[in-house]
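What follows is one structure encoded as structure tokens, with my remarks underneath.
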Amino acid sequence: MHPLIDKLERERTLSRAEWISLLDARTAELARDLFRRARALRRKYYGDAVFLRGLIEFTNCCKNDCYYCGIRRSNRAAVRYRLTEEQILSCCREGYALGYRTFVLQGGEDPAWTPERLAALVSSIKGEFPDCALTLSVGEQPRAVYQLWFDAGADRYLLRHETADAAHYRALHPPEMSLEARKRCLWDLKAIGYQVGSGFMVGSPGQTSVQLAEDLLFLRRLEPQMVGIGPFIPQKDTPFGAQPAGSLELTLFLLGLIRLMLPSVLLPATTALGTIHPRGRELGILAGANVCMPNLSPQEVRGQYALYDNKICTGEEAAQNRRSLERRLASIGCYAADGRGDYRPL
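Its first residue numbered 1, the sequence shown is counted upward by one per residue in the UniProt record's numbering.
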């Protein structure tokens with residue numbers, strides 16, 4: 001028991017100093033109490049359902065040069081690919097047959113995928129699968145472009161802010177990128193009407209409890225419908241290739257805190273969690289998460305969407321192995337829910 005955990009559960013917010021104090025007070029015993037409360041809140045809003053999203057990583061070409069990312073434009077070792085519209089639709093058809101009712105189109109900021117071209121693809125997917133939700137995750141765009149895609153049928157948008165501390169943001173990104181622009185995009189997406197997802201890396205180079213407190217304060221102001229966090233994992237061909245990975249334990253602790261702060265949020269147990277620990281996704285769900293995103297991308301390109309080293313993308317991570325995932329969920333008292341798995345407001 002900790003008085004700040006009690007206050008967070010009661011008031012859904014803490015001050016900057018309180019967040020820092022709570023993060024610095026983290027112990028195994030405190031984490032167990034937090035996870036128990038987080039699971040109770042998850043059950044209150046979603047029961048023991050875990051929502052599955054079929055992830056389609058449709059291009060690993062990107063005009064940005066983020067220092068931590070394996071598909072940054074300066075990485076000459078990356079083997080680039082772009083899926084065609086027909087390949088993407090084929091992934092959706094396979095996913096639909098497997099029972100997925102949300103598709104996530106994720107890619108780099110690829111100039112070949114013009115706003116109009118992506119809008120046409122969104123329209124095609126929604127036309128063929130009207131009972132499915134479609135999530136986009138293709139980075140920073142002008143508000144008019146977000147509006148174009150929303151009007152074409154996109155339901156959700158994922159855009160992690162990565163860090164809410166401006167100086168830390170500058171340390172992770174090239175000079176042409178800014179935290180102000182990233183935040184503007186998130187507020188634009190909310191204003192348009194998307195179900196919005198944000199989030200951050202845990203253990204990125206230079207990160208402290210002070211910066212994590214800023215992340216939590218920003219998420220409380222934004223109140224996104226989804227929050228994706230995962231441990232920083234280095235990619236060998238980036239400037240941060242020799243940096244240590246983020247902590248599993250701290251990531252899980254933050255998942256629990258976010259569940260208490262945003263009780264009905266959709267909270268993924270991310271691929272990065274499954275990469276740093278063989279039961280990472282199960283541990284994430286036991287800490288309060290309720291979403292998994294198995295990979296629907298064509299087998300031949302999965303290994304090329306290498307945001308970080310050793311990323312799991314085949315085997316039990318593949319969307320085709322849904323039955324195996326269902327068994328793993330059952331082992332921790334949960335089940336894979338049918339349907340789109342929309343956000344449920346408080």
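Note that CB positions come from ideal geometry on N, CA and C, so glycine has one too.
- Which residue or residues does DSSP assign as beta-bridge partners of T135? Walking along the sequence shown from the start, residue 135 turns up at place 135. DSSP output for T135 lists V104 and R156 as bridge partner(s).
- Message: For A338 and T102, what's the separation of their Cα atoms in angstroms?
- Response: Here residue 338 refers to the residue found at position 338 when the sequence shown is read from its first residue. Here residue 102 refers to the residue found at position 102 when the sequence shown is read from its first residue. Just to set this straight, residue 338 is Asp in the shown sequence, not Ala. Distance between the alpha carbons of D338 and T102: 10 Å.
- Query: Which residue spans inside the segment 142-215 form an unbroken beta strand (DSSP E) run of at least 3?
  - Reply: 156-158 and 195-198
- Within the chosen definition, does the segment 84-92 reach the segment 38-52 through at least 3 CB pairs nearer than 8 Å? no
- Query: Can you tell which of N295, Q106, R82 and V104 has the C-alpha that lies nearest to the C-alpha of M112?
  - Reply: The residue given as residue 112 occupies position 112 in the sequence shown. As written in the sequence, residue 112 is Ala, which differs from the Met given in the question. It is R82.
- Taking the Cβ atom as the reference point for each residue, do R12 and M226 lie within a distance shorter than 7 Å? Counted from its first residue, the sequence shown places residue 12 at position 12. Counted from its first residue, the sequence shown places residue 226 at position 226. Going by C-beta atoms, R12 is not nearer than 7 Å to M226.
- Message: Quick check: what's the CA-CA separation for residue 407 versus L52?
- Response: What is shown of the chain runs 1 to 346, which leaves residue 407 out entirely.
- Closer than 8 Å by C-beta to Y335: which residues in its own chain qualify, once you throw out the five before and the five after it? Chain order, please. Within the sequence shown, the letter at position 335 stands for residue 335. If we look at Y335 and ignore the five residues flanking it on each side, its Cβ neighbours are D48, A49, V50, E326 and L329.
- Item | CB of R302 within 7 Å of CB of N295, strictly | Here residue 302 corresponds to residue number 302 of the sequence shown, with the count starting at 1. Here residue 295 corresponds to residue number 295 of the sequence shown, with the count starting at 1. For R302 and N295, yes; Cβs fall inside 7 Å.
- Using the C-alpha atoms, what's the distance from E29 back to I192? For the purposes of this step, residue 192 is taken as the residue at position 192 of the sequence shown. For the purposes of this step, residue 29 is taken as the residue at position 29 of the sequence shown. Cα to Cα, I192 sits roughly 42 Å from E29.
- Whole-number beta carbon distance between C62 and R76, since they are thought to touch under 8 Å: As a position in the sequence shown, residue 76 is number 76, starting the count at 1. As a position in the sequence shown, residue 62 is number 62, starting the count at 1. With 8 Å as the limit, R76 and C62 do not qualify as a contact, their Cβ atoms being about 13 Å apart.
- Message: Given this structure, state the Cα-to-Cα distance separating P205 from F253, to the nearest angstrom.
- Response: For the purposes of this step, residue 205 is taken as residue 205 along the sequence shown, with counting starting at 1. For the purposes of this step, residue 253 is taken as residue 253 along the sequence shown, with counting starting at 1. Looking at the two C-alpha atoms, the distance is approximately 19 Å.
- Task: May I ask you to report which of helix, strand or coil DSSP gives E295?
- Result: Walking along the sequence shown from the start, residue 295 turns up at place 295. Residue identity check: residue 295 is Asn in the sequence provided, not Glu. Note: N295 maps to strand in three-state DSSP.
- Message: I'd like the span of the beta strand (DSSP E) that includes A17, first residue to last.
- Response: Within the sequence shown, the letter at position 17 stands for residue 17. Counting along the chain, A17 falls outside any beta strand (DSSP E), though it belongs to the alpha helix (DSSP H) covering R16 to D24.
- What residue does the beta strand (DSSP E) around T251 start on, and which one ends it? Counted from its first residue, the sequence shown places residue 251 at position 251. Here T251 belongs to no beta strand (DSSP E); instead the alpha helix (DSSP H) covers L248 to M261.
- Query: What three-state label does DSSP hand G230 in the structure shown?
  - Reply: Translated into the one-based positions of the sequence shown, residue 230 becomes position 230. Correct three-state label for G230: strand.
- Integer Cβ distance of L23 from A213, believed to fall under 8 Å: By 1-based counting over the sequence shown, the position of residue 23 is 23. By 1-based counting over the sequence shown, the position of residue 213 is 213. Confirmed, about 7 Å.
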